[in-house]
Amino acid sequence: MVTQYKNLINGQMISTDEMLDVVNPANEEVIGQVPSCGEAELNEAVAAARAAFPAWSKKSIDERRAVVQAISATIKENSDELFRLLTAEQGKPHAQAQGEIIGASMMAGAQSTLDLDDEINEDSEERLSRTRRVPVGVVGGIVPWNFPVMMAVQKIAPALLSGCTIVLKPSPFTPLTTLRLAELIKDVAPAGVVNILTGEDSLGPLITGHPDIDKITFTGSTATGKKIMEGASKDLKRITLELGGNDASIVLPDANVEKVAEQLFWSSFTNAGQICVAAKRIYIHEDIYDELSAAIAEYAKHVKVGDGAQQGTAVGPIQNKKQYDRVLELVQDAKDNGYKFLVGGDHDPDVPGYYMPITILDNPPEDARIVAEEQFGPVMPLMKFSTEEEAIQRANDSEYGLAGAVWTADPDKGVEVAEQLETGTVWVNEFLHLSPFAPFGGHKQSGFGAEYGKEGLLEFTYPQVITVKKDNVPA
Ligand code: NAD
Numbered sequence: 002m003v004t005q006y007k008n009l010i011n012g013q014m015i016s017t018d019e020m021l022d023v024v025n026p027a028n029e030e031v032i033g034q035v036p037s038c039g040e041a042e043l044n045e046a047v048a049a050a051r052a053a054f055p056a057w058s059k060k061s062i063d064e065r066r067a068v069v070q071a072i073s074a075t076i077k078e079n080s081d082e083l084f085r086l087l088t089a090e091q092g093k094p095h096a097q098a099q100g101e102i103i104g105a106s107m108m109a110g111a112q113s114t115l116d117l118d119d120e121i122n123e124d125s126e127e128r129l130s131r132t133r134r135v136p137v138g139v140v141g142g143i144v145p146w147n148f149p150v151m152m153a154v155q156k157i158a159p160a161l162l163s164g165c166t167i168v169l170k171p172s173p174f175t176p177l178t179t180l181r182l183a184e185l186i187k188d189v190a191p192a193g194v195v196n197i198l199t200g201e202d203s204l205g206p207l208i209t210g211h212p213d214i215d216k217i218t219f220t221g222s223t224a225t226g227k228k229i230m231e232g233a234s235k236d237l238k239r240i241t242l243e244l245g246g247n248d249a250s251i252v253l254p255d256a257n258v259e260k261v262a263e264q265l266f267w268s269s270f271t272n273a274g275q276i277c278v279a280a281k282r283i284y285i286h287e288d289i290y291d292e293l294s295a296a297i298a299e300y301a302k303h304v305k306v307g308d309g310a311q312q313g314t315a316v317g318p319i320q321n322k323k324q325y326d327r328v329l330e331l332v333q334d335a336k337d338n339g340y341k342f343l344v345g346g347d348h349d350p351d352v353p354g355y356y357m358p359i360t361i362l363d364n365p366p367e368d369a370r371i372v373a374e375e376q377f378g379p380v381m382p383l384m385k386f387s388t389e390e391e392a393i394q395r396a397n398d399s400e401y402g403l404a405g406a407v408w409t410a411d412p413d414k415g416v417e418v419a420e421q422l423e424t425g426t427v428w429v430n431e432f433l434h435l436s437p438f439a440p441f442g443g444h445k446q447s448g449f450g451a452e453y454g455k456e457g458l459l460e461f462t463y464p465q466v467i468t469v470k471k472d473n474v475p476a
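Straight run, no breaks: the sequence shown in this note's numbering ends on number 476.
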């Protein structure tokens with residue numbers, strides 16, 4: 002018997018006649034069913050969020066903070082159940098699923114400490130001018146399948162703290178853990194403040210186009226982000242878009258090969274490469290290219306790919322069939338063009354599950370599809386460069402601008418190179434670290450606006466300037 006999950010609308014767990022199947026990518030078995038919502042359910046959820054908004058937005062920030070902290074605590078208390086379910090639907094190994102759940106709890110907890118203080122613009126004898134922050138209203142949150150819980154929570158927490166109410170849609174590929182969380186937090190926030198509903202991709206444009214939603218916060222592909230921007234333009238909805246990336250790492254000739262090989266590997270292959278900020282192109286200086294590429298390839302041979310629920314698995318399957326087919330297509334393209342593989346490249350089509358072996362390419366050309374496109378899977382190209390200027394130019398030669406990294410024995414040199422990369426985040430000698438207090442957002446076609454930190458919180462607000470003329474009181 003497949004478990005049926007419900008949606009959270011106006012404080013109630015509800016279902017629909019039509020349900021969608023959710024598949025475990027490790028074995029392709031259906032592990033749950035979720036409501037298939039359309040316009041009627043969306044209207045109900047938006048009406049509930051709208052009705053809850055006046056009272057919620059008038060609460061003090063400390064009252065709202067307490068609710069965000071209660072959500073953070075609920076996630077932590079139930080982390081054991083939640084991470085197992087996350088592995089079953091998303092595919093990531095247990096340890097990484099646990100990391101996502103605990104990370105989501107910590108993210109909400111950290112974001113709850115932020116404040117929305119007024120700012121004084123002028124305090125003279127003539128006037129007092131002050132900027133206050135008012136919540137934009139009802140937020141539509143749309144979430145992808147690679148970090149479904151983290152992405153949901155990082156939208157719910159700042160929305161609630163700012164005084165907004167939210168209608169959130171998980172990806173149809175990974176809705177289960179989010180719906181279980183919905184059930185757990187049902188009574189934590191007042192009815193209507195958090196609504197979570199599931200449906201096919203077609204539910205997304207209905208959210209973007211809904212006249213009673215004031216803002217969209219979206220994480221997903223650049224292609225969908227463009228559609229959202231277009232849809233939101235009709236009534237000038239506020240938007241935050243966290244989109245794709247083709248993130249480059251640059252390894253300078255002074256980097257210690259032994260120290261960086263393993264870290265470079267995980268900067269690419271954590272979550273089977275399905276991370277917006279994963280290293281997707283690695284540029285290695287020619288002086289250390291042979292040694293470092295051999296060390297990464299050697300390390301890769303000892304990494305176990307398999308079902309994330311099994312002990313010892315370090316890399317799980319690709320999350321869904323559509324993405325699996327896309328990664329296979331890119332690998333086939335590399336084969337057709339005669340590019341050299343250091344490791345992997347051949348999957349077994351007879352094994353159930355969307356498994357792709359760790360695959361590493363040896364110096365494919367810059368215009369290879371596997372280099373030029375965001376692969377979002379366990380396939381990484383290593384490329385050779387001669388000069389720093391060349392590496393920077395090649396790293397920046399992309400429509401994307403999400404993240405990048407520089408590896409070097411000289412941190413000052415690392416910063417000098419980092420400052421020349423056209424991305425929203427650049428790491429020197431580390432990878433994948435995101436702080437809840439630092440703005441995270443993409444340059445170029447990787448996004449619009451930012452999440453996290455004060456900057457991320459302000460995106461859920463309008464500035465309102467109140468000016469009082471002190472010397473003109475008509476008394
Ligand atoms: P996607 O764009 O296909 O889907 C994301 C969400 O949008 C899903 O909930 C989907 O149902 C919904 N959706 C689909 N069509 C829509 C439409 N026309 N209007 C509104 N919503 C619609 O992305 P995905 O395949 O789920 O995720 C992978 C992509 O997400 C990658 O490109 C990755 O880089 C990106 N991503 C970015 C970040 C970031 O923070 N920048 C984080 C994670 C993933």
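All C-beta atoms in this analysis are idealised placements derived from N, C-alpha and C, irrespective of residue type, glycine included.
- Note that the C-beta distance between Pro94 and Gly309 is below 9 Å.
- Taking Val466 as reference, the option from Asp119, Tyr284, Ala249 with the minimal CA-CA separation is Asp119.
- With respect to Trp408, Ala298 sits apart: the two C-beta atoms are not nearer than 9 Å.
- Residue environment analysis places Asn44 among the exposed positions, since fewer than 16 neighbouring C-beta atoms fall within 10 angstroms of its C-beta.
- For Phe386, the enclosing beta strand (DSSP E) begins and ends at 380–386.
- For Ala111, the CB contacts under 8 Å within the same chain, skipping 5 residues up- and downstream, are Pro437, Phe438 in chain order.
- Relative to the ligand NAD, even the nearest heavy atom lies 8 Å or more away from the CB of Met381.
- Excluding the 5 residues flanking it on each side, Asp22 has same chain C-beta neighbours closer than 7 Å at Val31, Gln34, in chain order.
- Around the C-beta of Asp248, 16 or more other C-beta atoms lie within 10 Å, and the residue is accordingly described as buried.
- Gly425 sits close to Gly448, with the two beta carbons spaced by under 9 Å.
- Residue burial annotation: Asp116 is exposed, with fewer than 16 other C-beta atoms found within 10 angstroms of its C-beta.
- Along the segment 419–461, the beta strand (DSSP E) occurs as fully enclosed runs of 3 or more residues at 426–429, listed in sequence order.
- Going by DSSP, Asp337 is part of the alpha helix (DSSP H) stretching over 322–337.
- For the ligand NAD, no non-hydrogen atom lies closer than 8 Å to the CB of Ala105.
- At the C-beta level, Ala41 and Gly193 stay beyond 9 Å of one another.
- Annotated three-state conformation of Leu185 is helix, per DSSP.
- Nearest to Ile15 by C-alpha distance, out of Met2, Val24, Glu29, Ser37, is Ser37.
- Relative to Phe342, the option among Asn321, Pro350, Ile371 whose CA is nearest is Ile371.
- Around Thr179, the same chain offers Pro149, Val150, Ala153, Pro171, Ile197 as residues with beta carbons nearer than 7 Å, after the five sequence neighbours per side are excluded.
- A straight line joining the alpha-carbon of Ile102 with that of Lys470 spans about 51 Å.
- By the 16-neighbour rule on beta-carbons within 10 angstroms, Val3 is exposed.
- Excluding the 5 residues flanking it on each side, Gly317 has same chain C-beta neighbours closer than 6 Å at Gly92, Lys93, Pro94, Ala273, Gly309, in chain order.
- Short note on Ala158: C-beta not closer than 8 Å to any heavy atom of the ligand NAD.
- Taking the C-beta atoms as reference points, Arg131 is found no nearer than 9 Å to Thr462.
- In this structure Phe270 is in contact with Ile359, their Cβ atoms being roughly 6 Å apart against a cut-off of 8 Å.
- With contacts defined as CB atoms closer than 9 Å, Ile62 and Ile186 fail to qualify as a contacting pair.
- Scanning the segment 252–278 from its first residue to its last, no whole beta strand (DSSP E) run of 3-plus residues comes out.
- The C-beta of Asp215 has 16 or more other C-beta atoms within 10 Å across all chains shown, which makes the residue buried.
- Residue burial annotation: Ile121 is exposed, with fewer than 16 other C-beta atoms found within 10 angstroms of its C-beta.
- If you draw a straight line from the Cα of Glu90 to the Cα of Gly245, it comes to about 22 Å.
- If you ignore the 5 residues before and after Arg133, its C-beta comes within less than 7 Å of the C-beta of Asp119, Gln465, Ile467, all in its own chain and listed in chain order.
- Taking the C-beta atoms as reference points, Lys414 is found nearer than 9 Å to Leu253.
- Boundaries of the beta strand (DSSP E) around Trp408: 404–408.
- Taken through DSSP and simplified to helix, strand or coil, His286 comes out as strand.
- The C-alpha of Leu422 lies about 10 Å from the C-alpha of Arg395.
- With fewer than 16 other Cβ atoms inside 10 Å of its own Cβ, Leu237 counts as exposed.
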